[in-house]
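Chains as they are written, first to last, in the UniProt record's numbering: chain W, 1 to 270; chain A, 1 to 401.
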Amino acid sequence: MSKIQATFERLQAQGRKALIPFITAGDPDPALTVTLMHTLVEAGADIIELGVPFSDPMADGPTIQRASERALAKGVSLRQVLEYVANFRADNRETPVVLMGYANPVEAMGIEAFAACAYDAGVDGVLLVDYPPEESSAYVDAMRRHALDPIFLLAPTSSEQRIADVGLYARGYVYYVSLKGVTGSAVLDVAAVAARIPEIRARTGVPVGVGFGIRDAATAAAIAGIADAVVVGSRIIEEIEQSEPDQVCARVRVLVAELRRGIDAAGGKS
Amino acid sequence: MTSTAYDLPDARGHFGPYGGVFVAETLIGALDELKNAYAAAAADPAFAAEFAYELKHYVGRPSPIYHARRLSERCGGAQIYLKREDLNHTGAHKVNNCIGQAMLARRMGKKRVIAETGAGQHGVATATVAARYGMDCVVYMGSEDMRRQAANVYRMKLLGAEVRPVESGSKTLKDALNEAMRDWVTNVSDTFYIIGTVAGPHPYPMMVRDFQSIIGQESIEQMPEQIGRQPDAVIACVGGGSNAMGIFHPYIPYAGVRLIGVEAAGDGVDTGRHAASLTAGRPGVLHGNRTYLLQDDNGQIIETHSISAGLDYPGVGPEHAWLKDCGRAEYVTVTDSEALAAFHELCLLEGIIPALESSHAIAYATRLASTLPADQVLLVNLSGRGDKDMHTVAEKSGIRF
């Protein structure tokens with residue numbers, strides 16, 4: 001059983017929902033990333049999504065693109081990100097880490113080499129946003145050979161057939177993008193999201209995390225009421241962006257703890 | 001001449017290992033809708049008839065083929081013929097594709113079109129057809145390109161389009177493409193994204209090629225009228241590669257016709273300041289397809305350089321990647337200064353002011369012609385006119401208006 005699956009089973013037994021915060025590795029400073037990861041866990045994160053900086057983050061909005069640009073400006077790329085995970089693992093063996101990014105840096109390293117290095121570093125899952133299932137067979141094989149969970153996106157526009165196709169490959173969880181648009185977009189329609197979750201859960205056989213549009217305890221609570229996991233990205237990046245360097249961890253801790261309280265308050269509603 | 005079967009891409013948009021659909025799940029629905037709508041349109045004789053009508057009466061096709069005698073004499077070798085896409089309405093080949101995609105948008109009930117643009121030619125062509133068909137139009141353009149191509153920005157505004165500056169990344173074509181994709185994914189229900197080149201996720205590389213193939217189809221009819229046979233080589237500049245695919249594709253089965261794509265070597269391929277993806281790049285994934293990319297060892301896309309904004313792109317259409325690997329087409333490079341020299345030469349010898357993009361093809365043709373006997377014939381796709389480049393060329397010559 002993967003660490004991600006074990007985490008979801010433990011939470012389910014406790015009647016709780018997972019909180020999955022996203023940060024971009026190397027943002028605002030490479031020296032801060034491992035500390036920030038520990039901060040996320042201390043504030044209540046169950047799984048960490050760690051963004052791999054890419055020069056052309058087509059599926060992301062301006063907030064995450066800026067984070068990517070800040071990290072790239074400091075020379076952070078896939079190899080450095082794997083080092084951060086290995087360093088994080090020196091003090092934390094339990095919390096699953098999912099790398100989230102784009103295909104090209106992984107292909108540049110080589111899919112097989114990447115999978116081996118990611119496993120050695122202590123990565124648990126990988127989400128490459130521009131690898132839809134129909135282009136993923138070699139990648140999924142490599143992930144599985146190295147005990148990594150390939151995580152896929154689903155969208156409001158995904159057909160029943162596509163949900164089933166994703167189900168053939170998906171391990172760990174699937175990430176349901178709750179809005180049309182890019183990361184950091186506005187309004188969240190909870191009822192519309194709620195209507196899709198049972199079908200996705202049934203067809204894929206893995207837990208469903210929901211992201212895009214979650215900004216505070218209230219929206220986190222609303223999503224926790226219907227999904228298995230709440231994914232928060234742009235809101236955390238904004239907090240990092242607006243903090244003085246010595247305040248980043250403190251402010252992120254306050255925000256993530258608030259999201260945690262929102263999610264736990266909603267526990268047992270679904 | 002021998003004929004070889006060629007039926008790429010496959011149903012999922014692959015040209016050998018290249019092409020495909022490498023996008024986030026949020027775009028898959030829109031691409032499926034587009035794929036189905038295009039398949040239906042391509043099979044509909046009424047769509048083909050309307051496209052032909054628009055190309056004839058609005059664009060002014062067929063574009064002529066012109067024997068550049070004085071240029072050929074100067075080279076002292078092969079004869080150079082020019083396919084005059086510069087004479088199209090809006091001054092470049094880009095409009096062929098925009099008409100096709102705008103007709104498809106209308107058929108799909110989309111009232112708003114968006115586009116990315118580098119040199120501004122595709123933006124102008126999109127703004128033109130949006131005005132022609134009464135559609136709202138937003139064009140994304142890197143702020144650096146807006147500075148280089150101010151006249152085209154004004155043209156788009158005159159045509160009723162909104163030009164949105166893109167400040168992210170290198171502030172050029174690739175960043176405009178990222179931004180247009182973001183707009184599309186957010187507004188997909190009423191918006192059609194008119195991609196200007198043979199890149200992007202399937203079906204774009206195929207669809208744009210099909211609309212641009214009119215260039216090669218006409219050439220195959222016209223060359224025998226001029227010289228009683230097909231040319232020995234067809235030469236075109238390659239940035240994303242749409243004018244080159246348009247003239248190459250119908251010639252692929254003509255095994256005796258060399259297909260030569262000319263990439264932008266900028267300051268020189270050895271300097272690292274260039275845009276020669278096929279010559280100096282490695283395969284990777286960007287903008288929805290697998291193709292040759294200019295990237296660093298970490299798989300980050302690197303900034304490109306060319307005097308010509310239209311060639312300043314770190315990728316290339318996936319079908320070019322395939323034609324390179326299978327050997328059907330050759331890809332060569334021309335530097336900024338060689339392109340500039342060819343620009344001036346065509347102005348002075350033929351009274352034709354070429355686009356800086358097309359000047360790369362002219363430059364290679366003159367280089368090649370001088371090595372060949374006089375009975376050889378080179379057909380160059382003169383993909384656009386150079387009015388838009390006055391400012392750049394004047395600046396290079398130390399002239400200020």
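Ideal placement from N, C-alpha and C gives every residue a C-beta, glycine not left out. Note that this is a predicted model, so its numbers are computed, not measured.
What distance in whole Å lies between the Cβ atoms of residue j and residue i, which are believed to be in contact at a cut-off of 8 angstroms?
i	j	result
residue 99(W)	residue 174(W)	With a Cβ gap of about 16 angstroms, residue 99(W) and residue 174(W) do not count as contacting.
residue 118(A)	residue 153(A)	Actually they do not touch by this definition, with Cβ atoms about 12 angstroms apart.
residue 369(A)	residue 80(A)	6 angstroms
residue 301(A)	residue 55(W)	4 angstroms
residue 77(A)	residue 373(A)	7 angstroms
residue 37(W)	residue 88(W)	5 angstroms
For a contact defined as C-beta to C-beta under 8 angstroms, what are the partners of residue i on chain A?
i	result
residue 61(W)	182
residue 165(W)	In chain order: nothing, as chain A lies at least about 10 angstroms away.
Run through chain W and tell me which residues come within less than 8 angstroms of residue i, C-beta to C-beta.
i	result
residue 22(A)	103, 130, 131, 132, 135
residue 28(A)	132, 155, 157, 158, 162
residue 287(A)	56, 58
Smallest Cα separation from residue i: which of the options?
i	options	result
residue 316(A)	355(A), 237(A), 7(A), 27(A)	237(A)
residue 196(W)	230(W), 167(W), 154(W)	154(W)
residue 165(W)	242(W), 140(W), 80(W), 220(W)	140(W)
residue 171(W)	159(W), 157(W), 179(W), 201(W)	201(W)
residue 166(A)	190(A), 303(A), 139(A)	139(A)
residue 57(A)	40(A), 37(A), 99(A)	99(A)
residue 157(W)	179(W), 16(W), 102(W), 63(W)	179(W)
residue 128(A)	102(A), 222(A), 108(A)	102(A)
residue 176(W)	150(W), 168(W), 146(W), 207(W)	207(W)
residue 67(A)	95(A), 47(A), 227(A), 104(A)	227(A)
residue 325(A)	353(A), 219(A), 215(A), 291(A)	291(A)
residue 25(W)	121(W), 10(W), 78(W)	78(W)
residue 149(W)	33(W), 43(W), 47(W)	47(W)
residue 57(W)	181(A), 145(A), 303(A), 96(A)	181(A)
residue 191(W)	223(W), 43(W), 17(W), 261(W)	223(W)
residue 409(A)	10(A), 253(A), 205(A), 72(A)	The requested residue 409(A) is not part of the displayed model; chain A covers only 1 to 401.
residue 212(A)	88(A), 376(A), 360(A)	88(A)
residue 312(A)	267(A), 350(A), 288(A), 209(A)	267(A)
residue 3(W)	96(W), 42(W), 109(W)	96(W)
residue 245(W)	234(W), 35(W), 259(W)	35(W)
residue 60(W)	233(W), 120(W), 1(W)	233(W)
residue 133(A)	104(A), 381(A), 224(A)	104(A)
Give me, in chain order, the residues of the same chain whose beta-carbon lies closer than 8 angstroms to that of residue i; leave out the 5 immediate sequence neighbours on both sides.
i	result
residue 394(A)	400, 401
residue 236(W)	21, 22, 23, 252, 255, 256
residue 278(A)	238, 261, 263, 292, 316, 320, 321, 324, 331
residue 7(A)	none
residue 366(A)	71, 74, 75, 80, 342, 345
For residue i, return the contacting residues in chain W, with the cut-off set at a CB-CB distance below 7 angstroms.
i	result
residue 12(A)	134
residue 73(A)	By Cβ distance, chain W contributes nothing, its closest Cβ being about 46 angstroms from residue 73(A), past 7 angstroms.
Along chain A, in chain order, which residues have C-beta atoms closer than 9 angstroms to that of residue i?
i	result
residue 108(W)	282, 284, 295, 296, 297, 298, 299, 300
residue 177(W)	24, 25, 26
Here's a check: name, in chain order, each residue in its chain whose Cβ is nearer than 7 angstroms to the Cβ of residue i, leaving out the five neighbours to either side.
i	result
residue 30(W)	74, 76, 80
residue 396(A)	340
residue 238(W)	63
residue 263(W)	17, 19, 220, 221, 224, 230
residue 389(A)	355, 356
residue 3(A)	Here residue 3(A) scores only 47 on pLDDT, less than 50, and its place in the model is too uncertain to base an answer on.
residue 268(W)	For residue 268(W), the predicted model reports a pLDDT of 49, less than 50, meaning its position is unreliable; a value from the coordinates is still stated below. Closer than 7 angstroms at Cβ, skipping near neighbours: 15.
residue 270(W)	Residue confidence for residue 270(W) is low, a pLDDT of 44 falling below 50, so the modelled location carries little weight; the figure read from the coordinates is stated next. 225, 226, listed in sequence order.
residue 167(W)	203, 204, 205
Cβ closer than 7 angstroms: which chain A residues qualify as neighbours of residue i?
i	result
residue 86(W)	Within chain A, no residue comes near residue 86(W); the closest Cβ sits about 17 angstroms away, beyond 7 angstroms.
residue 77(W)	298, 300
residue 242(W)	Neighbours of residue 242(W) on chain A: none; closest Cβ ~19 angstroms, over 7 angstroms.
residue 65(W)	168
Which same chain residues, not among the five before or five after residue i, have their C-beta less than 6 angstroms away from its C-beta?
i	result
residue 27(W)	67, 70, 71
residue 347(A)	353
residue 18(A)	290, 291, 318, 321, 322
residue 284(A)	293, 295
residue 49(W)	20, 22, 98, 100
residue 125(A)	90, 94, 95, 98
residue 222(A)	65
Between residue i and chain B, is any beta-carbon pair separated by less than 8 angstroms?
i	result
residue 72(W)	No chain B appears in the structure shown, which is made up of the protein chains W and A.
Contact set between the segment 84-118 of chain A and chain W, restricted to residues whose Cβ is under 9 angstroms from the partner: none
Residues, ordered as in the chain, of the segment 134-165 of chain A that lie near chain W by beta-carbon distance below 8 angstroms: none
- prompt: Using a beta-carbon distance cut-off of less than 9 angstroms, what residues from the segment 46-61 of chain W approach chain A?
  reply: 53, 54, 55, 56, 57, 58, 59, 60, 61
task: Return the residues of the segment 168-194 of chain A that lie within a Cβ-Cβ distance of less than 7 angstroms from chain W, sorted by chain order.
output: 168, 169, 174, 178, 181, 182, 185, 186, 188
task: Could you name the residues of the segment 213-235 of chain W whose beta carbon sits closer than 8 angstroms to any beta carbon of chain A, in the order they occur along the chain?
output: Within the segment 213-235 of chain W, no residue has a Cβ lying closer than 8 angstroms to any Cβ of chain A.
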